Amino acid sequence: MFVSNTPAWEMENSKLAITGNLIINTMVLVLFSLIAPFRMDAAKSKPLIGFFALFTATIATVAGFGFCCYIGVEFISLNLAAPFLLFGIGMDDTFVVLSSWHRSSPHLSVPERMGRYES
(Lines of atoms letter the chains of each structure in order from A and count residues from 1; the text may use other names and numbers.)
(Lines give C-alpha, C1' and ligand atoms only; values in the text may rest on other atoms or scores of the structure.)
Protein backbone atom coordinates (compact mmCIF):
# COMPACT_ATOMS: atom_id res chain seq x y z
CA MET A 1 0.00 0.00 0.00
CA PHE A 2 1.33 3.41 -0.96
CA VAL A 3 0.27 6.60 0.80
CA SER A 4 1.57 10.14 0.58
CA ASN A 5 3.82 9.70 3.65
CA THR A 6 5.50 6.51 2.43
CA PRO A 7 8.54 8.22 0.80
CA ALA A 8 9.19 10.18 3.99
CA TRP A 9 8.99 7.03 6.12
CA GLU A 10 11.32 5.15 3.80
CA MET A 11 13.85 7.97 3.79
CA GLU A 12 13.87 8.10 7.59
CA ASN A 13 14.31 4.32 7.81
CA SER A 14 17.16 4.39 5.28
CA LYS A 15 18.94 7.12 7.26
CA LEU A 16 19.51 4.69 10.10
CA ALA A 17 20.65 1.94 7.76
CA ILE A 18 23.29 3.96 5.90
CA THR A 19 24.92 5.84 8.79
CA GLY A 20 27.74 3.28 9.05
CA ASN A 21 28.43 3.52 5.33
CA LEU A 22 28.54 7.31 5.51
CA ILE A 23 31.21 7.19 8.20
CA ILE A 24 33.34 4.81 6.15
CA ASN A 25 32.86 6.89 2.99
CA THR A 26 33.87 10.03 4.86
CA MET A 27 37.08 8.40 6.07
CA VAL A 28 37.91 7.23 2.54
CA LEU A 29 37.25 10.74 1.21
CA VAL A 30 39.57 12.31 3.78
CA LEU A 31 42.35 9.78 3.16
CA PHE A 32 42.09 10.17 -0.60
CA SER A 33 42.20 13.95 -0.47
CA LEU A 34 45.31 13.86 1.72
CA ILE A 35 47.18 11.12 -0.16
CA ALA A 36 46.35 12.02 -3.78
CA PRO A 37 48.45 15.24 -3.97
CA PHE A 38 51.64 13.39 -2.97
CA ARG A 39 54.30 12.84 -5.63
CA MET A 40 57.51 10.85 -5.51
CA ASP A 41 59.50 14.09 -5.88
CA ALA A 42 59.35 16.12 -2.65
CA ALA A 43 59.58 19.40 -4.56
CA LYS A 44 56.47 18.58 -6.63
CA SER A 45 54.44 17.12 -3.77
CA LYS A 46 51.61 19.38 -2.58
CA PRO A 47 49.95 17.63 0.39
CA LEU A 48 49.00 20.91 2.05
CA ILE A 49 46.94 21.85 -1.01
CA GLY A 50 44.86 18.71 -0.50
CA PHE A 51 44.50 19.44 3.21
CA PHE A 52 43.42 23.05 2.68
CA ALA A 53 41.00 22.06 -0.08
CA LEU A 54 39.40 19.55 2.27
CA PHE A 55 39.39 22.14 5.07
CA THR A 56 37.70 24.84 2.98
CA ALA A 57 35.12 22.37 1.64
CA THR A 58 34.39 21.28 5.21
CA ILE A 59 34.05 24.86 6.47
CA ALA A 60 31.76 25.73 3.54
CA THR A 61 29.57 22.69 4.21
CA VAL A 62 29.32 23.42 7.92
CA ALA A 63 28.54 27.09 7.23
CA GLY A 64 25.84 26.14 4.71
CA PHE A 65 24.19 23.66 7.07
CA GLY A 66 24.49 26.14 9.94
CA PHE A 67 22.80 28.86 7.91
CA CYS A 68 20.01 26.48 6.88
CA CYS A 69 19.45 25.49 10.51
CA TYR A 70 19.47 29.15 11.53
CA ILE A 71 16.72 30.09 9.07
CA GLY A 72 14.67 27.04 10.02
CA VAL A 73 15.03 24.72 7.02
CA GLU A 74 13.86 21.24 7.97
CA PHE A 75 16.59 18.58 8.03
CA ILE A 76 15.66 15.52 5.99
CA SER A 77 17.64 12.38 5.34
CA LEU A 78 18.36 13.45 1.76
CA ASN A 79 20.59 16.16 3.24
CA LEU A 80 23.10 13.47 4.21
CA ALA A 81 24.16 13.30 0.55
CA ALA A 82 24.81 17.05 0.28
CA PRO A 83 28.27 17.04 1.95
CA PHE A 84 29.51 14.46 -0.53
CA LEU A 85 28.31 16.58 -3.43
CA LEU A 86 29.96 19.67 -1.97
CA PHE A 87 33.21 17.85 -1.22
CA GLY A 88 33.20 16.31 -4.69
CA ILE A 89 32.85 19.64 -6.44
CA GLY A 90 35.39 21.40 -4.22
CA MET A 91 37.97 18.62 -4.36
CA ASP A 92 37.55 18.13 -8.11
CA ASP A 93 38.49 21.75 -8.74
CA THR A 94 41.55 21.35 -6.53
CA PHE A 95 42.76 18.30 -8.41
CA VAL A 96 42.23 20.06 -11.75
CA VAL A 97 44.39 22.97 -10.59
CA LEU A 98 47.07 20.63 -9.24
CA SER A 99 47.12 18.62 -12.45
CA SER A 100 47.49 21.76 -14.54
CA TRP A 101 50.24 23.01 -12.23
CA HIS A 102 52.22 19.77 -12.60
CA ARG A 103 51.91 19.88 -16.39
CA SER A 104 53.14 23.47 -16.67
CA SER A 105 56.80 24.24 -17.25
CA PRO A 106 58.78 24.53 -14.01
CA HIS A 107 61.06 27.10 -15.67
CA LEU A 108 58.32 29.73 -15.80
CA SER A 109 57.66 32.16 -12.97
CA VAL A 110 54.77 31.49 -10.59
CA PRO A 111 52.49 34.20 -12.11
CA GLU A 112 53.13 32.81 -15.61
CA ARG A 113 52.44 29.25 -14.46
CA MET A 114 49.22 30.33 -12.75
CA GLY A 115 48.10 32.26 -15.85
CA ARG A 116 48.51 29.43 -18.31
CA TYR A 117 45.91 26.81 -19.01
CA GLU A 118 47.24 23.46 -20.11
CA SER A 119 44.82 20.66 -20.78
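Each residue of the sequence shown is one higher than the last, beginning at 2 in the numbering used here. Idealized CB from N, CA, C, for every residue including glycine. In this text the structure is predicted, and so the values were computed from the model without any measurement.
Roughly how many angstroms lie between the CA atoms of I90 and G51, to the nearest whole one?
Straight through space, the alpha carbons of G51 and I90 are spaced by roughly 13 Å.
Return the first residue and the last residue of the alpha helix (DSSP H) that V97 is part of.
83-104
Return the CA-CA distance between D93 and A18, expressed in angstroms with no decimal places.
28 Å
Please determine if the region 95-104 and the region 34-50 are in contact, where contact requires at least 3 C-beta pairs separated by less than 8 Å.
These segments touch.
Is DSSP giving E75 helix, strand or coil here?
coil
Report the three-state DSSP secondary structure of A18 (helix, strand or coil).
helix
Is A61 helix, strand or coil by DSSP?
In the structure shown, A61 sits in a helix (DSSP, three-state: H, G or I).
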